[in-house]
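Working notes for the structure below.
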Amino acid sequence: MTAQTSATKPAKAAPLSAVKGMNDLLPPDSARWEWLEDKVRHLMARFAYRNLRTPIVEPTALFVRGLGEVTDIVEKEMYSFEDRLNGEQLTLRPESTAGVVRAVVEHNMLYDGGKRLYYMGPMFRHERPQRGRYRQFHQIGAEALGFAGAEVDAELILMANALWQELGIKDVVLELNSLGQPQERAAHRAALIAYFEQHTDVMDEEAKRRLHSNPLRLLDTKNPAMQAMVEAAPKLIDFLGEASLAHFNAVRAILDACGVAYRINPRLVRGMDYYNLTVFEFVTQSLGSQGTICGGGRYDYLIEQMGGKPAPAVGWALGVERVLELLKEQGEQPPVPGPHVYAIVPDASALPLVHHTLQGLRAAGVSVQMHAGTGEGMGSMKSQFKKADGSGAALALIFGADELSRGEVVIKHLRDGAGAQENCPLSQVSARLQQLLGMAAV
Ligand code: ATP
Ligand code: MG
């Protein structure tokens, strides 16, 4: 830091920008995020899921172990660094399931039975920023840990589906698949490798590199030249045993009974290694190539892999930016509420009384934006009314000196019946405003 003498002004510095791919969230958009978060909280409460908050920074080993070494995230997308004091390897979380599992194991949360949990927060992946793909983005996720039955897979899918309805999202399709159990995957994997080995002529370098380390991920390729080859590859569903098929069919039966449409996509594999049995994604055609708004599935072996007592689990995560972008694309922007009331104060000498009055209004649930002067004094009436109109408030409350001397204020309608106004005794202003605003009387 440079010392400055009191006589010199600090030199004008060049402004700094946010890190590429990481966005500020400004009003009025931030109000739409709050709207969505409120909807989620209420929905989670109705399904009896409880909030879990884990740190944004975790040991790097957590993700390497949890997500799998040969995954896009671990291979190239993590923000990892060394703690400068103790040399610990740390990573900004790229997703939250691994952290949730760590917390559940660390706090022995399953000691008295399964837990249903949800989280919201920022995630970090070093990807190429584009529409619907950022380096800091936000997920909302739900995890049910300690439950093995298909009814919980279905519950989670139904919950996501209910959220789309609540938010007014229409353009999404549910894609469903089963990844079976490890031994079934092993048999399928062997068949896949044998198949791919015959088709190396159409495979790109990355595919060839992953052919033996993670052949399943080749099914997920975005390379158009490989589509036809991948389309004809052996399908995992043909390798599923009786129990896996029964689980899959039980999920389907519940979705069918609840009228939830889905498309079975045998190529749906998901990006992390930890999944088994049910996997699913909600996808839309309306967001270009960033069309997956929510993905999840069962991960029955992760808890044990993270050092916990073996316990099954299932969950999903949605991308908040993509969900809001989809709403925008559909022309259904969530409302950005203004204040109920704008307080106009012609003379600064009334301010103590004004504040006292507004305190009572706010305590009664009325939202009030108070006019604030920008220089000397409070500003002209004209400029105050202009601000009041711009605020989106339904009503203005005018604290004029004459009215105040009679113990009254003026209530003026800014929108419905614009211009209409009435005098109101200060002692009754709270009740009258609540009446005008259609709020339940207190
Ligand atoms: P994609 O195939 O689009 O990269 P993913 O399989 O990597 O997605 P998940 O790890 O399953 O995504 O994360 C769940 C959800 O989080 C995604 O469906 C998506 O909506 C959102 N998401 C993932 N990565 C990003 C990102 N970089 N920017 C914005 N949202 C993202
Ligand atoms: Mg990705």
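Residues in the sequence shown are numbered from 228 upward in steps of one, following the working numbering. The beta-carbon is built from N, C-alpha and C at its ideal position, and this holds for glycine as well.
TODO: For residue 278, write down the residues that DSSP places opposite it in a beta bridge.
DONE: For this step, residue 278 is matched to residue 51 along the sequence shown. DSSP lists 345 as the bridge partner or partners of residue 278.
Task: residue 563 vs residue 626 beta-carbon contact at 8 Å - done: If you number the sequence shown from 1, residue 563 lands on position 336. If you number the sequence shown from 1, residue 626 lands on position 399. Not closer than 8 Å, so no.
Task: Secondary structure of residue 368, DSSP reduced to three states - done: The sequence position of residue 368 within the sequence shown is 141, counting from 1. Residue state, collapsed to three classes: strand.
Open item on the list: Using C-beta distances below 6 Å, list every residue in its chain close to residue 572, excluding the 5 sequence neighbours before and after it, in chain order.
Closed with: Along the sequence shown, read from residue 1 onward, the residue named residue 572 stands at position 345. Correct list, in chain order: 581, 598, 605 and 626.
- [ ] Throw me the rounded Cβ distance for the residue 286 and residue 315 pair, which I believe falls under 8 Å.
- [x] In the sequence shown, counting from the first residue as 1, residue 286 sits at position 59. In the sequence shown, counting from the first residue as 1, residue 315 sits at position 88. The pair is a contact, with the Cβ atoms about 7 Å apart (cut-off 8 Å).
TODO: Pull up the DSSP beta-bridge partners for residue 648, would you.
DONE: In the sequence shown, residue 648 corresponds to position 421, counting from 1. Per DSSP, the beta-bridge partners of residue 648 are 639.
TODO: For residue 469, name the three-state secondary structure that DSSP assigns.
DONE: Position 242 of the sequence shown, counted from the first residue, corresponds to residue 469. DSSP places residue 469 in helix when its eight states are reduced to three.
- [ ] Return the CA-CA distance between residue 275 and residue 507, expressed in angstroms with no decimal places.
- [x] Numbered from its first residue, the sequence shown carries residue 275 at position 48. Numbered from its first residue, the sequence shown carries residue 507 at position 280. Each residue's Cα considered, the two are about 22 Å apart.
Task: Residue range of the unbroken alpha helix (DSSP H) whose run includes residue 569 - done: Taking the sequence shown and counting its residues from 1, the one referred to as residue 569 is at position 342. Taken as a continuous stretch (DSSP letters only), residue 569 belongs to no alpha helix (DSSP H), being part of the beta strand (DSSP E) at 568 to 571.
Task: Run of the beta strand (DSSP E) containing residue 522, from where it starts to where it stops - done: Taking the sequence shown and counting its residues from 1, the one referred to as residue 522 is at position 295. 519 to 525 is the span of the beta strand (DSSP E), which, as asked, contains residue 522.
Task: residue 669 versus residue 655: straight-line alpha-carbon distance, rounded - done: Walking along the sequence shown from the start, residue 669 turns up at place 442. Walking along the sequence shown from the start, residue 655 turns up at place 428. Residue confidence for residue 669 is low, a pLDDT of 46 falling below 50, so the modelled location carries little weight and cannot support an answer.
Open item on the list: Which complete alpha helix (DSSP H) runs does the region 592 to 619 hold, if anything under 4 residues is left out?
Closed with: As far as the region 592 to 619 is concerned, its whole alpha helix (DSSP H) runs of at least 4 residues are 608 to 618.
- [ ] Within 10 angstroms of the Cβ of residue 338, are there 16 or more other Cβ atoms? Answer buried if so, exposed if not.
- [x] To locate residue 338, count along the sequence shown from 1; it is residue 111. Its Cβ having fewer than 16 others within 10 Å, residue 338 is exposed.
Task: Limits of the alpha helix (DSSP H) - the one that residue 388 falls within - done: By 1-based counting over the sequence shown, the position of residue 388 is 161. From DSSP, the alpha helix (DSSP H) with residue 388 extends over 377 to 394.
Open item on the list: By the three-class DSSP mapping on this structure, what secondary structure does residue 305 have?
Closed with: Taking the first residue of the sequence shown as 1, we reach residue 305 at position 78. The DSSP-derived three-state label of residue 305 is coil.
- [ ] For the alpha helix (DSSP H) holding residue 581, just list the boundary residues, first then last.
- [x] As a first step, residue 581 is located in the sequence shown; it is residue number 354 there, counting from the start. For residue 581, the uninterrupted alpha helix (DSSP H) segment begins and ends at 578 to 590.
TODO: Have a look at residue 210 and residue 614 and give me their C-alpha separation to the nearest angstrom.
DONE: Any question about residue 210 goes unanswered here, given that the chain covers just 228 to 669.
Open item on the list: Am I right that residue 456 and residue 328 are in contact with their C-beta atoms under 8 Å? What's the rounded C-beta distance?
Closed with: For the purposes of this step, residue 456 is identified with residue 229 of the sequence shown, where counting begins at 1. For the purposes of this step, residue 328 is identified with residue 101 of the sequence shown, where counting begins at 1. Not really, about 35 Å apart at Cβ, beyond 8 Å.
- [ ] To the nearest angstrom, report how far apart residue 374 and residue 317 are at their CA atoms.
- [x] Start at 1 with the first residue of the sequence shown, and residue 374 comes out as number 147. Start at 1 with the first residue of the sequence shown, and residue 317 comes out as number 90. Cα-Cα distance, rounded: 31 Å.
- [ ] Check whether the Cβ of residue 299 sits closer than 7 Å to any heavy atom of the ligand MG, and report yes or no.
- [x] By 1-based counting over the sequence shown, the position of residue 299 is 72. The nearest non-hydrogen atom of the ligand MG is less than 7 Å from the C-beta of residue 299.
Open item on the list: From the DSSP secondary-structure annotation, give me the bridge partner or partners of residue 316.
Closed with: Taking the first residue of the sequence shown as position 1, residue 316 is located at position 89. BP columns for residue 316 point to 309.
TODO: Check whether the region 370 to 384 touches the region 473 to 481, taking contact to mean three or more Cβ pairs, one atom from each stretch, closer than 8 Å.
DONE: The count of Cβ pairs closer than 8 Å, one atom from the region 370 to 384 and one from the region 473 to 481, reaches three, so the stretches are in contact.
Task: Touch test, the region 429 to 449 against the region 289 to 297, Cβ-Cβ under 8 Å, three pairs minimum - done: Three or more beta-carbon pairs separated by less than 8 Å link the region 429 to 449 to the region 289 to 297, which places the two stretches in contact.
- [ ] Go ahead and pull the three-state DSSP assignment for residue 229.
- [x] Taking the first residue of the sequence shown as position 1, residue 229 is located at position 2. Because residue 229 carries a pLDDT of 49, less than 50, the predicted location of this residue cannot be relied on, and no value is offered for it.
TODO: Report buried or exposed for residue 505, applying the criterion of at least 16 other Cβ atoms within 10 angstroms of its Cβ.
DONE: Residue numbering aside, residue 505 sits at position 278 when the sequence shown is read from its first letter. Flag for residue 505 reads buried.
Task: Endpoints, alpha helix (DSSP H) assigned at residue 547 - done: Indexing the sequence shown from 1 puts residue 547 at position 320. Boundaries of the alpha helix (DSSP H) around residue 547: 547 to 556.
Open item on the list: Can you find the residues in the same chain that come closer than 8 Å, C-beta to C-beta, to residue 449, ignoring five residues on each side of it along the sequence?
Closed with: Residue 449 sits at position 222 when you count from the first residue of the sequence shown. The beta carbon of residue 449 lies closer than 8 Å to those of 516 in the same chain, with the five residues before and after it left out.
Open item on the list: Using the three-state DSSP reduction, which class does residue 440 fall into: helix, strand or coil?
Closed with: Numbered from its first residue, the sequence shown carries residue 440 at position 213. Annotated three-state conformation of residue 440 is helix, per DSSP.
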